[in-house]
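A.B. asks: Going by the numbering used here, the letters in the sequence shown line up with residues 1 to 120, in that order.
Where is the CB? At the ideal position from N, CA and C, for every residue including glycine.
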Amino acid sequence: MATVELTTANFDEVTESDGIVLVDFWAEWCGPCKRFAPVYERSSQKHPDIVFGKVDTEAQQELGAKFDIRSIPTIMAIRDGVIVFAQPGALPESALENLIEQVRALDMDDVRKQLSEHKH
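1. Compute the Euclidean distance between the alpha carbons of Asp68 and Leu99, then round it to the nearest angstrom.
2. Please report the Cβ distance between Thr3 and Leu63, rounded to the nearest whole angstrom; I am assuming they are in contact, meaning their Cβ atoms lie under 8 Å.
3. Contact criterion: CB-CB distance below 8 Å. Does Cys30 meet it with respect to chain C?
4. Quick check on the DSSP output: the beta strand (DSSP E) that includes Phe67 runs from which residue to which?
5. Taking all protein chains shown into account, decide if Gln60 is buried (16 or more other Cβ within 10 angstroms of its Cβ) or exposed.
6. Would you call the CB atoms of Phe25 and Val55 closer than 8 Å?
7. Using C-beta distances below 8 Å, list every residue in its chain close to Arg42, excluding the 5 sequence neighbours before and after it, in chain order.
8. Who does Ile78 pair with in a DSSP beta bridge?
9. Could you tell me the boundaries of the beta strand (DSSP E) in which Gly53 lies?
10. Expressed to the nearest angstrom, what Euclidean distance is found between the alpha-carbon atoms of Ile20 and Met76?
11. Whole angstroms is fine: what's the gap from Phe85's alpha carbon to Ile78's?
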């Protein structure tokens, strides 16, 4: 599956559904972002069950601000509507694959339980 452009118009709809969504916050002028793009694209081909989204932080400044993106690229992993990972920096392919496996292995009932405990 090819990467999906995420905007303020479709971000919530795409990320609040069940399953895994990876989000790459990037910009056209960002050298590390451009070097990471082919890695991200290859990974999207390997995992057709995962949505690979991209947010152009120049065009979608509101989304960058909403998630307090201060450095790009930033990779965010969302599973079943819950942000389970967010980290700035381009990942090597092996680290991206490792992240995907860790997100797949999460017990989401346990994650939701931990989140509800932190809210009290």
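C.D. replies: The short version:
1. 21 Å
2. Not confirmed; about 15 Å, so no contact.
3. Judged by its chain identifiers, the structure shown contains no chain C, having just a single protein chain.
4. No beta strand (DSSP E) contains Phe67, which DSSP labels as neither H nor E.
5. buried
6. yes
7. Glu93
8. Val21, Ile83
9. 51-56
10. 11 Å
11. 7 Å
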